[in-house]
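Chemist:
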Amino acid sequence: GQERLATPTWQIAVGSAPTVSSCVAVFATASHIVPSAVALVAAAVFVRTSPRGHRHVRAQGVSLQANRVDEGCPNRRQATLSSAVALLGIAAPPAAAKAPDAGGARLASLTPATLATAKGKVFVITGATSGVGLEAARSLVCNGAEVYVCGRTMGKAKEAVLDIQEGSGQPVLGKAIPLELNLASFASVRQFADQWKATVKRPIDVLALNAGLALKTGLKPEEAPLSQDGLELTVATNHLGHFLLYNLIEDQLSPSARVVVTASSVHDPATGDPGSQATLGNLSGLGKKGPSGLMVDGGAYDSGKSYKDSKLCNVLFTLELARRLQRRGSAVTVTCLSPGLIPSKTFFRNQSSGFADVFAFAAKNVLRIAETTEFGGDTLCYMALDPSLQGKSGLFYSAIPPGQHVFVEKQPSPEALNEAEAQALWQRSAQIVGV
Numbered sequence: 132g133q134e135r136l137a138t139p140t141w142q143i144a145v146g147s148a149p150t151v152s153s154c155v156a157v158f159a160t161a162s163h164i165v166p167s168a169v170a171l172v173a174a175a176v177f178v179r180t181s182p183r184g185h186r187h188v189r190a191q192g193v194s195l196q197a198n199r200v201d202e203g204c205p206n207r208r209q210a211t212l213s214s215a216v217a218l219l220g221i222a223a224p225p226a227a228a229k230a231p232d233a234g235g236a237r238l239a240s241l242t243p244a245t246l247a248t249a250k251g252k253v254f255v256i257t258g259a260t261s262g263v264g265l266e267a268a269r270s271l272v273c274n275g276a277e278v279y280v281c282g283r284t285m286g287k288a289k290e291a292v293l294d295i296q297e298g299s300g301q302p303v304l305g306k307a308i309p310l311e312l313n314l315a316s317f318a319s320v321r322q323f324a325d326q327w328k329a330t331v332k333r334p335i336d337v338l339a340l341n342a343g344l345a346l347k348t349g350l351k352p353e354e355a356p357l358s359q360d361g362l363e364l365t366v367a368t369n370h371l372g373h374f375l376l377y378n379l380i381e382d383q384l385s386p387s388a389r390v391v392v393t394a395s396s397v398h399d400p401a402t403g404d405p406g407s408q409a410t411l412g413n414l415s416g417l418g419k420k421g422p423s424g425l426m427v428d429g430g431a432y433d434s435g436k437s438y439k440d441s442k443l444c445n446v447l448f449t450l451e452l453a454r455r456l457q458r459r460g461s462a463v464t465v466t467c468l469s470p471g472l473i474p475s476k477t478f479f480r481n482q483s484s485g486f487a488d489v490f491a492f493a494a495k496n497v498l499r500i501a502e503t504t505e506f507g508g509d510t511l512c513y514m515a516l517d518p519s520l521q522g523k524s525g526l527f528y529s530a531i532p533p534g535q536h537v538f539v540e541k542q543p544s545p546e547a548l549n550e551a552e553a554q555a556l557w558q559r560s561a562q563i564v565g566v
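Count the sequence shown with the numbering used here and you get residues 132 to 566, in order.
#1: Have a look at A367 and G406 and give me their C-alpha separation to the nearest angstrom.
#2: Answer with buried or exposed for Q521, where buried requires no fewer than 16 other C-beta atoms within 10 angstroms of its C-beta.
#3: Using DSSP bridges, identify the partner residues of V392.
#4: How about R333 and V263: do their beta carbons lie closer than 8 Å?
#5: Would you check if the distance between the CB atom of E635 and the CB atom of T330 is smaller than 8 Å?
#6: With DSSP as the reference, label T504 as helix, strand or coil.
#7: For P356, I'd like the list of residues in its chain whose CB is within less than 6 Å of its CB, leaving aside the five on either flank, ordered along the chain.
#8: As an exercise, report each continuous alpha helix (DSSP H) stretch of at least 4 residues that is fully enclosed by the stretch 298-374, in chain order.
#9: If you check the beta carbons only, do V278 and A324 fall under 8 Å apart?
#10: In this structure, does DSSP put P518 in helix, strand or coil?
#11: How would you label S560, buried or exposed, when you count the other beta carbons within 10 angstroms and need 16 or more for buried?
#12: Which first and last residues belong to the alpha helix (DSSP H) in which V446 is found?
#13: According to DSSP, is P386 helix, strand or coil?
#14: Alpha carbon to alpha carbon, how far is P302 from D433? Give it in angstroms, no decimals.
#15: Does the beta-carbon distance from V465 to V392 come in below 8 Å?
#16: If you draw a straight line from the C-alpha of L266 to the C-alpha of T503, how long is it?
#17: Nearest by alpha-carbon distance to L350: which of Q359, V280 and G435 is it?
#18: I need the straight-line Cα distance from G508 to L271, nearest angstrom please.
#19: Please report the Cβ distance between L567 and S519, rounded to the nearest whole angstrom; I am assuming they are in contact, meaning their Cβ atoms lie under 8 Å.
#20: Tell whether a beta-carbon distance below 8 Å holds between N573 and G258.
#21: Which two residues bound the contiguous alpha helix (DSSP H) that contains V280?
#22: With respect to 7 Å, is the separation between the Cβ of S423 and the closest non-hydrogen atom of the ligand SAH below this value?
#23: Looking only at its chain, what residues have a beta carbon closer than 6 Å to the beta carbon of S524, apart from the 5 residues adjacent to it on each side?
#24: Taking contact to mean 3 or more Cβ pairs, one atom from each stretch, closer than 8 Å, check whether the stretch 444-458 and the stretch 544-564 are in contact.
#25: State buried or exposed for K328, treating a residue as buried only when at least 16 other CB atoms are found within 10 Å of its CB.
#26: Under DSSP, the alpha helix (DSSP H) around S560 begins and ends at which residues?
#27: Between which two residues does the beta strand (DSSP E) holding V255 run?
#28: Under the three-state reduction of DSSP, which class applies to V539: helix, strand or coil?
#29: Under DSSP, the alpha helix (DSSP H) around S270 begins and ends at which residues?
#30: Report the CB separation of L384 from V320 in whole angstroms; it is logged as a contact under 8 Å.
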């Protein structure tokens, strides 16, 4: 379990933490907005497995050998950190340091006057217990909104409410109310909708479908987590749970409500993201149980692609809902957004803590492509409140160029604009969730 340095060979102890190769793969997935930088790293590395099961990684003449050791190895986390930063060519932060703040700016186009319009409005935000959702809820409550903070458990929702009430550092003019909502369970979504209609009974001015799950890369099919309904967890949570929620509480929206969907620019293969690209094929795997249902397109399981596919589903849902609302003559609007690269601990909760430290450090200090969670929260508030978006529907906004703290309208991917595919996705999703 000891760490040794001998030029040009390092022997590192990584335990159950990701190998260097998986760090590079996840780094590539998360940093899709700088494909050239990732390509340089990926091109310099090739991985092979020896007969004894050791992982060998060669990068520019340096050989790294990663041996599995006991979980309790005290050097495991620092060894993982050192090996990853060696590949990236950067100086590592101290082992005991927390992941640094990954940006440093707020969204300038979100003005105090715009935030003030939140006063008295009712918001429902999924995934509001951390990250983008929590920061958006904080800003809205401080500006007088009534925000229903949705979490996977009531305990998490209550913790977030307490954070908003006591940790905001400014007067809290509105209200934060905790509610339990587990999007990985159709039963939980239905229970939430029933509770809203029976006890809350408040017209919803903004419904923010924000919760998102990203699993670690490199999972084997037998390791793929499933939802409580036996479906692949990522798409079940990010798409199907939100689809069901919207359809169950659509009649609870105020006449001119805004629906805001947190998507991602990785829905578009043109971003140059390494690895398999988002595409849904003929939807042959959607809703199926067992190995053939682990991917929407029915292909081999790929957890990284599953996340990208779920974000493509989010954009397709947004655009199809916009068309349906327009045909009905509804004043309700729906838009979607990509808040930028935010390497928070919560987003990387399925990775090792060492990887999260390395990635946040590199994204901020080397590649300079990161945004803060506060900036991400601002982008959600902007879509929910900005007067320039009043009456507009079917738009996609993204934090482009990366790390520049700007937020602009972008064209979705060609597949996201495929109306026939969007209709098929809607119909198939309705069958699966039972609406």
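Using N, Cα and C, we set each Cβ at its ideal position, and we do this for glycine too.
Modeler: Working from what's here:
#1: 22 Å
#2: exposed
#3: L340 and C467
#4: no
#5: An answer regarding residue 635 cannot be provided, because it is not within the stretch 132 to 566 covered by the chain.
#6: helix
#7: L364
#8: 317-326
#9: no
#10: helix
#11: buried
#12: S434 to R459
#13: strand
#14: 46 Å
#15: yes
#16: Residue 266 is actually Glu in this sequence, not Leu. For E266 and T503, the distance between alpha carbons rounds to 10 Å.
#17: G435
#18: 10 Å
#19: This structure gives no information on residue 567, because the portion of the chain shown stretches from 132 to 566.
#20: Absent from the structure is residue 573, since the part of the chain shown begins at 132 and ends at 566.
#21: Here V280 belongs to no alpha helix (DSSP H); instead the beta strand (DSSP E) covers E277 to G282.
#22: Questions concerning the ligand SAH fall outside what the structure shown contains, since it holds no ligand whatsoever.
#23: A453, T464 and V465
#24: yes
#25: exposed
#26: E550 to V564
#27: V253 to I256
#28: strand
#29: G262 to C273
#30: The pair is not a contact, with the Cβ atoms about 16 Å apart (cut-off 8 Å).
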